[in-house]
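Heads up, the sequence shown is in our numbering, so the first residue is -12 and it goes up one at a time.
Scroll down for the structure; my scribbles are underneath it.
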Amino acid sequence: MRYTQLGRTGLKVSRLTLGTMNFGPLTNEPDSHTLMDSALDAGVNYFDTANVYGQSAGKGRTEEILGTWFTQGGGRRDKVVLATKVYGNMTPNGETPWPNHDRLSALSIRRAVEASLKRLQTDHIDIYQFHHIDRQTPFEEIWQAVDVLVRQGKILYAGSSNFPGYKIAQANETARRLGGYGLVSEQCLYNLAARDAEMEVIPASEEYGLGVIPWSPLHGGLLGGVLKKEGEGSRRTGGRAAAELAKPEVRARVQAYEDLLDKHGLEPGETALAWLLTRPGVTAPIVGPRTAEQLDSALRAVELELSEEVLDALDEIFPGPGPSPESFAW
-12 MRYTQLGRTG
-2 LKVSRLTLGT
8 MNFGPLTNEP
18 DSHTLMDSAL
28 DAGVNYFDTA
38 NVYGQSAGKG
48 RTEEILGTWF
58 TQGGGRRDKV
68 VLATKVYGNM
78 TPNGETPWPN
88 HDRLSALSIR
98 RAVEASLKRL
108 QTDHIDIYQF
118 HHIDRQTPFE
128 EIWQAVDVLV
138 RQGKILYAGS
148 SNFPGYKIAQ
158 ANETARRLGG
168 YGLVSEQCLY
178 NLAARDAEME
188 VIPASEEYGL
198 GVIPWSPLHG
208 GLLGGVLKKE
218 GEGSRRTGGR
228 AAAELAKPEV
238 RARVQAYEDL
248 LDKHGLEPGE
258 TALAWLLTRP
268 GVTAPIVGPR
278 TAEQLDSALR
288 AVELELSEEV
298 LDALDEIFPG
308 PGPSPESFAW
């Protein structure tokens, strides 16, 4: 495994982030524990979750699965850089949402941290991430709550997720004015088929020293060899991939993508991950394996070197927006 610094921090993290959103609703607890053991054995030290993960299994269920894994010992907790998120409403499924059980008020943040620590069975969270912008809460209040938690030793760093560029700037300028450290990471939708982050989010992250943590690196399976799998009858396309493939221009690009990689003897999923690892500002894409085979594929991507010929061809198939601001200003 290769490692890098998380943004401007001194924190070393693996070039892949283990995403845990499937743990609970799609992957049972024993299999989730096995996947985490395998990831740790392979050198993956950056684990990402969120307080709302668990979906049909119940909000918070994913954090609970991580918590029971940590209690098995063997240095598991000490070896992991643990990231979780706050924002979504934590009222149990089927119940009427209750005020102050979501968003980023000081009260919500305090309650959410205590609940996550209990589920995770740990005394601190390494990177506490805001899952979404909160249009109702000023950053002065958010940073006040964060500073208290840092002083208490309950969190070490703060990160963002799904923030636009101007909110990254606003958050860190407010932190700077208050004498705080500010955001150290940004999780954003970023992959070959979705490159909008290159317009503002990634430039803002680089300017303020945030590590970029792309989620959905395969764009819901679209970049994982979906057309070949359809043709073989080995997988039924659903979700984001199905919606995108319904567009003729997208299907044509995906076909060109798979044809290119077939020509060079490359696996689509591994190539999509390897491409992200070449992008400026990117720290560690989030991979969310459901099986050992999917984890093994993601691990191979870290060692995959893409030729300039392949990188240029990928840019032709999935062109990005171009440099910012020239691409939209001139």
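All residues carry an ideal CB built from backbone N, CA and C; glycine is no exception.
Pick from 67, 10, 204, 26 that is closest to residue 41, judged by C-alpha positions: 10
Residue from 289, 299, 310 whose Cα sits closest to the Cα of residue 29: 289
Length of the line joining the Cα atoms of residue 82 and residue 45: 12 Å
Per-residue DSSP class, three states only, for residue 264: coil
Between the CA atoms of residue 179 and residue 199 - distance to the nearest angstrom: 15 Å
From 197, 47, 134, 72, residue whose alpha carbon lies closest to that of residue 78: 47
As assigned by DSSP and simplified to three states, the class of residue 202: strand
Residue(s) in a DSSP beta bridge with residue 275: None; residue 275 has no bridge partner.
Selection from 195, 172, 287 that minimises the alpha carbon distance to residue 145: 172
Buried or exposed (CB count within 10 angstroms, at least 16 for buried), residue 51: buried
For residue 253, the nearest candidate out of 12, 212, 90 (CA to CA): 212
Contacting residues, own chain, Cβ-Cβ under 7 Å from residue 140 (five flanking each side not counted): 111
Distance between beta carbons of residue 293 and residue 270, contact taken as under 8 Å: No, residue 270 and residue 293 are not in contact; Cβ-Cβ is about 18 Å, not under 8 Å.
DSSP state of residue -10 mapped onto helix, strand, coil: strand
Nearest-angstrom Cα separation, counted from residue 68 out to residue 132: 22 Å
Local conformation of residue 95 per DSSP, three classes: helix
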